[in-house]
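Number of protein chains: 2
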Amino acid sequence: MFRLLILFTLCVLTRSVSLADHLPVDGGDDGYRLWLKYEPVKDLSRKAHYLKYSSFISDAVHSEITGSAAKELQMALNGLVGKSVPVVAKVAGRRGGIVFSLGPDSTLMPLQQEGYQIREVSGNIVIRSATEGGILYGAFALLRHMQTGQSLSGVNVKSTPKVRYRMLNHWDNPDGTIERGYAGSSLWKWYELPERIDPRYEDYARANASLGINGTVLNNVNASARFMSREYIVKVAAIAAVMRRYGIRTYLSVYFAAPKTLGGLTTSDPLDPKVRAWWSEKVAEIYREIPDFGGFLVKANSEGEPGPQDYGRTHADGANMLAEAFKPYDGIVIWRAFVYKADPNADRFKAAYEEFVPLDGKFDPRVIVQVKNGPIDFQPREPFSPLFGNMPGTPLGMEFQITQEYLGFAAHAVYEAPIFKECLDADTYVKGQGSTVAKVIDGSLHGYTRTLMAGVANTGSDRNWTGHPLAQANWYAFGRLSWDHQLTSEQIANEWIQLTLTRQPKPGAHIQALMLRSREIYVDYNTPLGLSRPWMGVHFAPEPWQSRGARPDWTATYYHRADSAGLGFDRTANGSGALAQYRPQVQQQWNDPENTALPYLLWFHHVGWDKKLGTGRTLWDELCHRLYTGADSVVWMQQQWDLARTGLDNRIYADVAGRLKVQRREAIWWRDAWVLYLQTFSKQPVPKGLEPPRQTLEELKKSVGVYLIR
Amino acid sequence: MFRLLILFTLCVLTRSVSLADHLPVDGGDDGYRLWLKYEPVKDLSRKAHYLKYSSFISDAVHSEITGSAAKELQMALNGLVGKSVPVVAKVAGRRGGIVFSLGPDSTLMPLQQEGYQIREVSGNIVIRSATEGGILYGAFALLRHMQTGQSLSGVNVKSTPKVRYRMLNHWDNPDGTIERGYAGSSLWKWYELPERIDPRYEDYARANASLGINGTVLNNVNASARFMSREYIVKVAAIAAVMRRYGIRTYLSVYFAAPKTLGGLTTSDPLDPKVRAWWSEKVAEIYREIPDFGGFLVKANSEGEPGPQDYGRTHADGANMLAEAFKPYDGIVIWRAFVYKADPNADRFKAAYEEFVPLDGKFDPRVIVQVKNGPIDFQPREPFSPLFGNMPGTPLGMEFQITQEYLGFAAHAVYEAPIFKECLDADTYVKGQGSTVAKVIDGSLHGYTRTLMAGVANTGSDRNWTGHPLAQANWYAFGRLSWDHQLTSEQIANEWIQLTLTRQPKPGAHIQALMLRSREIYVDYNTPLGLSRPWMGVHFAPEPWQSRGARPDWTATYYHRADSAGLGFDRTANGSGALAQYRPQVQQQWNDPENTALPYLLWFHHVGWDKKLGTGRTLWDELCHRLYTGADSVVWMQQQWDLARTGLDNRIYADVAGRLKVQRREAIWWRDAWVLYLQTFSKQPVPKGLEPPRQTLEELKKSVGVYLIR
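If you're matching them up, the sequences are chains A and B in order.
Going by full-length UniProt numbering, the first sequence opens with residue 1, and the numbers climb by one from there.
Going by full-length UniProt numbering, the second sequence opens with residue 1, and the numbers climb by one from there.
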């Protein structure tokens with residue numbers, strides 16, 4: 001006999017159900033549901049198998065976060081197996097349900113506490129964790145398991161995150177615009193807050209929690225002081241209340257000069273006692289409204305933003321002052337290392353290292369220094385930042401960019417997992433072979449416990465969140481890697497495709513092939529052989545000819561250094577010497593142009609146009625071949641997408657097919673821009689077998705100019 | 001016996017069905033479908049009645065536009081009566097269908113040609129018009145008839161538009177932002193065009209066509225020259241191809257200096273032959289891509305925009321030059337009269353009249369001068385612009401603002417039909433009593449045939465199009481009035497509520513009451529007694545104290561003229577003399593402060609604080625009472641909304657309820673700002689019975705300051 005089950009909620013799923021329930025009847029899939037589609041399981045025996053575990057959900061914890069887990073499971077099972085599953089407080093000897101088991105264990109490290117285990121125990125699926133958050137992650141993992149059609153018999157899945165702070169950075173402005181946003185306007189409706197809570201906030205939280213993301217910075221690093229005002233703290237608190245239910249802590253970017261501009265003080269000097277008191281009181285005010293506030297993210301003395309150097313202080317002085325304000329609370333200060341000076345004779349590559357390595361060991365333990373993956377700025381391919389491994393006394397966090405600032409906005413398909421992995425897997429040799437960037441970031445190399453991986457978000461108000469439907473995979477990949485950087489690009493793509501696009505193997509394989517090659521194809525037509533393009537302008541259009549700018553290091557010629565002799569930036573000892581910032585074993589890889597892997601060649605060497613490369617071609621010929629091959633490979637991508645059509649929703653098929661056409665056109669644009677411009681230096685024809693550009697350099701410049709007009 | 005029906009389409013409704021098919025299953029109504037919901041008819045006898053006319057749709061015209069009409073009817077009947085209705089070419093003696101009857105009649109004026117008649121003939125519902133567009137409008141009218149539950153037996157509905165060019169003006173920028181947009185980012189995805197056509201373009205076209213709107217200006221009047229480039233013309237053409245299927249012609253705003261900045265000429269002087277040739281070639285290029293292109297909208301020599309005056313030429317010179325370029329085509333030039341000079345001693349009120357009246361009769365017949373409803377700038381209440389009626393030799397078009405620049409953005413509920421009607425119904429007395437603005441605009445007063453009504457759009461990428469769900473009614477009201485300015489605010493509200501929110505009478509009545517009073521309530525707490533607020537800053541927050549700006553006429557004090565003696569702008573002969581721009585009968589209404597209707601009092605008079613008004617209160621007391629009554633009336637609005645709850649979708653209920661809370665808070669903010677600031681001049685206490693503001697002026701200024709921070 002079963003004892004009476006105490007149902008504490010059956011009437012479920014009102015507002016938050018929207019992700020799952022916006023399925024258009026036959027207008028096609030609009031992409032809103034992301035990878036949380038929960039569509040009916042088609043295989044009847046598999047469905048029957050899942051039904052065996054769908055009698056109840058037992059949530060004895062009955063907390064906000066486990067409540068979210070239970071609600072998600074209810075909604076998902078309703079979709080997957082078509083059953084309204086009751087949530088009960090106690091198992092009471094029953095079988096055939098999903099059981100939450102909270103086992104707090106103070107001996108575990110914080111990271112281990114967030115881990116979960118999913119096991120079949122006495123006919124139930126038990127999700128066990130030391131924390132409520134871990135149970136939520138376990139619930140999403142279970143659903144991923146089921147959505148990809150795996151068996152639950154004897155299931156035993158265990159997972160622990162490798163990084164502690166897994167977060168998105170939103171470069172969203174208070175006016176609703178997004179710096180480097182290509183998917184509509186900001187998700188945050190500041191003018192409606194705090195009274196109106198957009199239902200989308202919860203769906204945003206669900207999507208992130210499903211990946212294990214546990215933090216979000218709501219506003220742009222080029223920060224408005226507005227967010228430190230009482231008015232905005234209350235608005236932020238309203239969003240934080242939604243995030244909290246999904247184990248996500250809310251953070252803010254701060255404007256370093258706020259004590260002056262908002263607080264009315266005469267200075268923002270971090271050593272001034274009044275300034276310190278202002279920040280302490282400000283942080284206290286925030287915690288009164290947001291008890292689980294995460295902390296501050298700071299861009300200081302960078303690209304015109306104010307900072308401690310305005311007062312002759314160091315980055316450490318600035319960061320430590322803020323850290324002091326967080327002393328009474330469980331919050332952190334994330335200080336960005338993205339700094340460089342407008343010096344025509346310097347090498348921007350070296351700037352962050354030069355400024356930050358001398359400060360190693362001087363930061364308060366509450367500070368994490370957040371470093372972009374490469375030394376410059378989110379280029380299609382960059383060597384890893386030489387800071388990684390070289391600040392053993394300071395926790396370094398990773399900053400990846402998910403939004404496609406240099407990757408074709410929302411028009412080009414570029415799967416970014418290989419970019420993230422390339423950096424994480426790079427060996428710094430700091431403690432001998434195997435000292436990968438991943439080990440720096442996850443703290444294992446130097447014994448940090450405050451570890452961080454951040455991704456600059458690609459989300460916006462567009463219905464499908466990311467503009468390009470395939471860009472959803474980049475959000476997904478970032479989240480999954482922030483939890484476990486050992487997952488492979490292939491695994492993640494395969495998982496995402498199954499959850500989001502199709503479970504049919506053949507179409508899935510074509511899409512996976514497209515995704516996995518997309519980054520190299522993009523590099524080929526955009527920045528082959530180690531070229532880069534962090535010039536000012538629209539970041540959308542090719543402008544290799546750009547030689548004038550507000551700063552010398554905001555021109556194209558500063559980076560590619562094309563001249564009649566050749567192309568590329570000499571960073572060896574004969575050049576800027578930037579290579580010396582790496583360990584000898586790394587220097588060895590890139591020091592000699594003869595041995596430098598071609599993808600990095602022009603990052604480190606100025607190479608003659610007629611220099612024969614390992615491919616047997618001269619630099620000029622190889623460049624042309626890569627640019628042409630890259631542009632032509634977009635046709636191959638189109639073909640792969642067409643071959644997958646039978647497995648795809650019509651609307652998503654058409655959406656991506658349209659964007660691939662744009663990508664093809666723009667790939668040719670990039671190709672021709674490089675070829676025609678560099679030809680003015682190389683003085684050589686386009687190699688035989690490749691059709692010379694149909695447009696002239698002047699025509700091309702004109703077409704680019706259009707995008708620079710107000 | 002029936003002859004064989006030739007079905008030329010049964011497989012219908014793929015992409016364009018999305019408006020109707022995004023109905024969330026139980027997540028609530030997200031508002032995407034606007035007033036085109038087509039939900040199942042609940043009354044069974046009514047449903048049976050409609051089914052009698054749902055056997056077929058006969059489209060013998062078989063054109064793009066009638067195809068849209070047929071598709072819409074199919075989709076709608078599928079929703080309303082749950083039947084897939086076939087589209088056939090010929091009626092062939094059958095009964096029980098909907099029949100398109102195109103009867104071209106060249107004797108009709110263009111306006112009459114767009115009209116339609118819906119009649120029951122031999123058991124069929126016949127939609128007859130001289131044009132395909134008229135048939136489309138008739139189809140939407142028929143659906144409105146059915147959606148509001150009216151009988152089709154012996155139906156005989158006839159309607160002809162009163163204005164020829166009925167259009168939206170989008171102030172959308174090429175970077176996706178919208179000037180004065182409060183509902184997300186631009187609908188137009190320039191980076192994806194022309195290859196990818198967002199399915200939303202078609203739903204946008206459907207919504208507009210359903211109201212009779214037949215033109216759209218895609219880009220901001222503060223125009224980018226980009227739109228004149230080949231790259232962008234091709235993108236525009238892709239949107240125009242969608243609009244064309246719904247009888248909507250596409251227009252562009254132009255940057256007057258484009259010949260210089262884009263064309264590379266040394267001048268943009270409208271009398272320069274090279275400039276004229278450049279524009280002619282540009283217009284020809286546009287028509288090659290967009291054969292039904294509508295024309296140009298121009299903001300010139302206004303708020304820093306370039307124009308003919310830069311070369312010592314007149315607005316007429318500039319407009320006529322562009323008109324010349326349109327000579328070979330059926331396009332027009334719409335020239336805005338929104339001009340004023342930065343002169344601290346002038347009265348901005350008079351500027352447009354002073355510049356444009358002397359040019360009357362000098363414009364090419366292809367030019368329409370577009371005039372804002374009031375002389376200043378879309379204030380919550382303005383007297384009608386004195387230009388109306390005073391340019392008998394020039395067609396004047398109306399420019400209304402639908403987006404709520406000065407009406408609380410997307411946070412405040414303000415139903416705008418009464419604003420539009422107030423202006424249209426105003427009597428200019430130009431040809432004696434009854435010379436209403438409406439008669440100027442529809443051409444009947446002076447015999448214009450090129451007539452225009454434009455509305456600055458409130459649409460954006462937000463899922464529900466307009467941010468505030470009730471703001472959809474403003475788009476609707478504008479469209480309906482552009483077709484027939486004799487409709488009343490009540491009729492339009494009633495219609496919109498039934499189509500969009502609820503057909504239950506009691507809830508509907510509460511919502512209608514809320515809507516109809518909303519504008520006066522807003523005026524009461526925002527700009528009572530004829531105050532105005534066109535100051536610079538964020539247009540969101542109260543700043544009556546603002547006395548410094550980039551221009552003298554961009555300050556608050558320029559407009560309200562508060563001093564120790566009193567308040568208001570003297571525009572009589574003793575003051576700026578602006579009243580003299582009106583006919584004597586109008587002057588009479590507003591010349592004497594004793595007789596001036598209170599809503600216009602401070603528009604025309606500087607009134608002493610202790611002056612007794614018709615209400616028996618002094619100016620100061622009356623001001624306070626209106627500000628307090630207005631703010632308190634928002635509570636009444638909340639109550640009306642709550643009383644309507646049983647008739648409302650839950651999600652829409654919650655959305656508006658949240659926004660009303662914001663409105664209540666901000667209404668108090670506005671009230672207190674005016675009271676505390678004006679109190680520094682009046683030196684009087686808040687009248688007895690009203691609770692004095694809880695905040696000080698300094699605190700209030702600080703809270704406003706937050707919104708002015710970068």
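Where is the CB? At the ideal position from N, CA and C, for every residue including glycine.
Of all the CB atoms in chain A, is at least one closer than 7 Å to the CB of residue i?
i: I239 of chain B; result: no
i: Y191 of chain B; result: yes
i: R196 of chain B; result: yes
i: E281 of chain B; result: no
i: T696 of chain B; result: no
Any beta-carbon of chain B closer than 7 Å to the one on residue i?
i: R164 of chain A; result: no
i: E422 of chain A; result: no
i: I709 of chain A; result: yes
i: F409 of chain A; result: yes
i: V456 of chain A; result: no
i: R659 of chain A; result: yes
What span of residues does the alpha helix (DSSP H) with residue i cover, start to end?
i: Y677 of chain B; result: 650-682
i: R517 of chain B; result: 505-526
i: F604 of chain A; result: 601-604
i: V536 of chain A; result: This sequence places Met at residue 536 of chain A; Val is not what is there. Where M536 of chain A is concerned, there is no enclosing alpha helix (DSSP H), given that its DSSP letter is neither H nor E.
i: N345 of chain B; result: No alpha helix (DSSP H) holds N345 of chain B; DSSP gives it neither H nor E.
i: L481 of chain A; result: 472-483
Given a threshold of 16 other Cβ atoms within 10 Å of its Cβ, counted over all protein chains shown, does residue i qualify as buried or as exposed?
i: V121 of chain A; result: exposed
i: N156 of chain A; result: exposed
i: H22 of chain A; result: Caution is warranted here: a pLDDT of 33 is assigned to H22 of chain A, below 50, making its placement in the model unreliable, and the coordinate value is therefore given only provisionally. So H22 of chain A counts as buried.
i: D59 of chain A; result: buried
i: E72 of chain B; result: buried
i: A573 of chain A; result: exposed
i: M228 of chain A; result: buried
i: R288 of chain A; result: exposed
i: Q472 of chain A; result: buried
Bridge partners of residue i, per DSSP?
i: R336 of chain B; result: B:Q370
i: E120 of chain A; result: A:I125
i: A209 of chain A; result: A209 of chain A pairs with nothing; no bridge assigned.
i: E399 of chain A; result: A:K372, A:A454
i: I441 of chain B; result: According to DSSP, which records beta bridges pairwise, I441 of chain B is partnered with nothing at all.
i: L613 of chain A; result: None; L613 of chain A has no bridge partner.
i: S101 of chain A; result: A:R128
For residue i, which of helix, strand or coil comes out of DSSP?
i: S268 of chain B; result: coil
i: Y232 of chain B; result: helix
i: S186 of chain A; result: coil
i: M637 of chain B; result: helix
i: T160 of chain A; result: coil
i: R561 of chain B; result: coil
If you follow the beta strand (DSSP E) that residue i is in, where does it begin and where does it stop?
i: G295 of chain B; result: 295-298
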